[in-house]
Amino acid sequence: MSKDKFIRLVSTAVPIPNENIDTDQIIPARFLKATTREGFGENLFRDWRYDSNNNPIKDFALNNSSYSGKILVAGKNFGCGSSREHAAWAIYNYGFRVVVSSFFADIFKNNALNNAVLPVVVSDSFLKNYWKRFNRIPIQIF
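Counting in this note's numbering, the sequence shown runs from 1 upward without gaps.
The following block contains the structure:
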């Protein structure tokens with residue numbers, strides 16, 4: 001994994017407005033058998049992306065071609081639950097470089113920073129306003 005630093009990132013964002021997104025939702029435990037950091041991105045949010053027959057759930061943002069970008073905007077309390085570093089690996093492997101939320105679990109925040117994913121904390125009111133006006137306007141992270 002390349003851990004290139006960035007000074008500026010301009011990207012569209014992918015919305016996942018759910019609150020209390022835990023690490024088991026980010027990368028389900030059944031996919032933690034690998035011993036290297038590669039390959040986790042394909043199972044990012046696996047149980048939200050696919051139905052029980054492994055068909056893509058069309059309405060989920062990662063399956064919707066209207067959404068793309070290197071920024072994931074999530075609801076409050078992102079990365080709670082277990083301390084698995086695999087969650088940060090999956091986010092990075094999928095292609096996200098920034099996660100925006102109004103609160104991050106401390107362990108997730110540290111794991112993200114150690115794996116080239118920038119957690120950006122915004123206010124609850126910012127997020128609330130963002131969900132009201134969400135569109136594909138690029139976000140700039142400095």
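Built from N, CA and C at the ideal position, the CB exists for glycine as well.
Item, Value
"Cut-off 8 Å between Cβ atoms - residues of its own chain near Phe78, not counting five sequence neighbours on either side", "Ile21, Val99, Ser101, Phe103, Phe104, Ala105, Phe108 and Pro119"
"Residue range of the unbroken beta strand (DSSP E) whose run includes Leu118", "Leu118 to Val121"
"Three-way DSSP call (helix, strand, coil) for Phe40 in this model", "coil"
"Whole-angstrom distance between Leu72 and Asn115, CA atom to CA atom", "15 Å"
"C-beta contact flag for Gly69 and Ser11 at 8 Å", "yes"
"Endpoints, the beta strand (DSSP E) within which Leu62 is located", "It is not in any beta strand (DSSP E) - Leu62 carries neither H nor E in the DSSP assignment."
"N- and C-terminal bounds of the alpha helix (DSSP H) containing Ser125", "Asp124 to Arg133"
"Inter-stretch contact at 8 Å, needing at least 3 Cβ pairs: the stretch 36-43 / the stretch 82-94", "yes"
"Test item: CB-CB of Asp24 and Gly81 under 8 Å", "yes"
"Start-to-end residues for the beta strand (DSSP E) that takes in Leu9", "Leu9 to Ser11"
"Closest Cα partner of Ser83 within the set Ala29, Asn53 and Tyr130", "Ala29"
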